[in-house]
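Here is the structure we will look at, set down as structure tokens.
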Amino acid sequence: MHVTARADYAVRAVIELASVRPASATRQRLAEAQDIPGKFLEAILGDLRRNGIIEAQRGASGGYRLSRDPSDITLAEIVRVAEGPLAAVRGLPPEDTLYPGPAAPLTQVWVAVRASLRDVLEATSVADILSGEFPSQVTALLARPDSWTRR
Numbered sequence: 198m199h200v201t202a203r204a205d206y207a208v209r210a211v212i213e214l215a216s217v218r219p220a221s222a223t224r225q226r227l228a229e230a231q232d233i234p235g236k237f238l239e240a241i242l243g244d245l246r247r248n249g250i251i252e253a254q255r256g257a258s259g260g261y262r263l264s265r266d267p268s269d270i271t272l273a274e275i276v277r278v279a280e281g282p283l284a285a286v287r288g289l290p291p292e293d294t295l296y297p298g299p300a301a302p303l304t305q306v307w308v309a310v311r312a313s314l315r316d317v318l319e320a321t322s323v324a325d326i327l328s329g330e331f332p333s334q335v336t337a338l339l340a341r342p343d344s345w346t347r348r
């Protein structure tokens, strides 16, 4: 699976906002703190705001802040805002992929991949990232030696 820059930046921006909570942070501060291109971040922040993950305040003391507690914001929610549905196959939901002949069962594998990804991202909150204490299913995956092997 490929995590896009847009999804990565969105998650990092929300984590950065959570780290300064309850204060707010400007786009420039977020961009500098996480080394994210400012214009790209501006578009991402707009999407996060429109989807209720963050709030924006204009003016001299303005900036962005989380709209909810970090424990109530999952990584899945952020990634969906940034990229759309999890684990699309050529832009389609996995269950909508239809293959001819012997490749037909491949649809089931793509659905399982999405379910696996969903299990991790929906179980992990922004608060988990800040604390470094992950849900048990994530910890179990991290403990597997093959998890850290590139393939």
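Under my numbering, the first residue of the sequence shown carries the number 198, and numbering increases by one thereafter.
Note that the Cβ used here is the ideal one computed from N, Cα and C, for glycine as well.
Please read these numbers as outputs of a predicted model, since none were measured by experiment.
Inset, instruction - Could you tell me which of SER216, ARG224, GLY281 sits nearest to PRO290, measuring between CA atoms? - result: Locating residue 290 in the sequence shown gives position 93, counting from the first residue. Ranking SER216, ARG224, GLY281 by Cα distance to PRO290 puts GLY281 first.
Inset, instruction - Could you name each continuous alpha helix (DSSP H) segment of 4 residues or more that falls completely within the segment 272-310, going from the start of the chain to the end? - result: Taking only runs of at least 4 residues, the alpha helix (DSSP H) segments lying wholly in the segment 272-310 are 272-280.
Legend entry - Where ILE212 falls: helix, strand or coil (DSSP): Counted from its first residue, the sequence shown places residue 212 at position 15. Helix.
Legend entry - Buried or exposed (CB count within 10 angstroms, at least 16 for buried), TRP307: Taking the first residue of the sequence shown as 1, we reach residue 307 at position 110. Answer is buried; the Cβ neighbour count reaches 16.
Inset, instruction - Assign GLU330 to one of two classes, buried (16 or more other C-beta atoms within 10 Å of its C-beta) or exposed (fewer than that). - result: Walking along the sequence shown from the start, residue 330 turns up at place 133. Classification of GLU330: exposed, given that the 10 Å Cβ count is below 16.
Inset, instruction - Determine the contact status of VAL335 and THR346, defining contact as a CB-CB distance below 8 Å. - result: Numbered from its first residue, the sequence shown carries residue 335 at position 138. Numbered from its first residue, the sequence shown carries residue 346 at position 149. No. Outside cutoff.
Inset, instruction - Evaluate contact between the segment 299-313 and the segment 240-252, counting only Cβ atoms and requiring at least three cross-stretch pairs below 8 Å. - result: no
Legend entry - SER344 versus GLY259 - alpha carbon distance: For the purposes of this step, residue 344 is taken as the residue at position 147 of the sequence shown. For the purposes of this step, residue 259 is taken as the residue at position 62 of the sequence shown. Rounded to whole angstroms, SER344 to GLY259 spans 42 Å at the Cα level.
Inset, instruction - Look at ARG262 and PRO219 and say whether their C-beta atoms are less than 8 Å apart. - result: As a first step, residue 262 must be located in the sequence shown, where it is residue number 65. As a first step, residue 219 must be located in the sequence shown, where it is residue number 22. Yes, these two residues count as a Cβ contact at 8 Å.
Inset, instruction - Report yes if the CB atom of ILE241 is closer than 8 Å to the CB atom of VAL323, and no otherwise. - result: Here residue 241 refers to the residue found at position 44 when the sequence shown is read from its first residue. Here residue 323 refers to the residue found at position 126 when the sequence shown is read from its first residue. Not closer than 8 Å, so no.
Legend entry - For GLN254: DSSP bridge partner residues: Reading the sequence shown from its first residue, position 57 is the one you call residue 254. Within the DSSP bridge table, the entry for GLN254 names GLY260 as partners.
Inset, instruction - Could you check what DSSP says for SER313 in three-state terms: helix, strand or coil? - result: If you number the sequence shown from 1, residue 313 lands on position 116. DSSP places SER313 in helix when its eight states are reduced to three.
Legend entry - Cα-Cα separation between ALA204 and GLU292, rounded to whole angstroms: Working through the sequence shown from its first residue, we reach residue 204 at position 7. Working through the sequence shown from its first residue, we reach residue 292 at position 95. Their backbone Cα atoms lie some 23 Å apart in a straight line.
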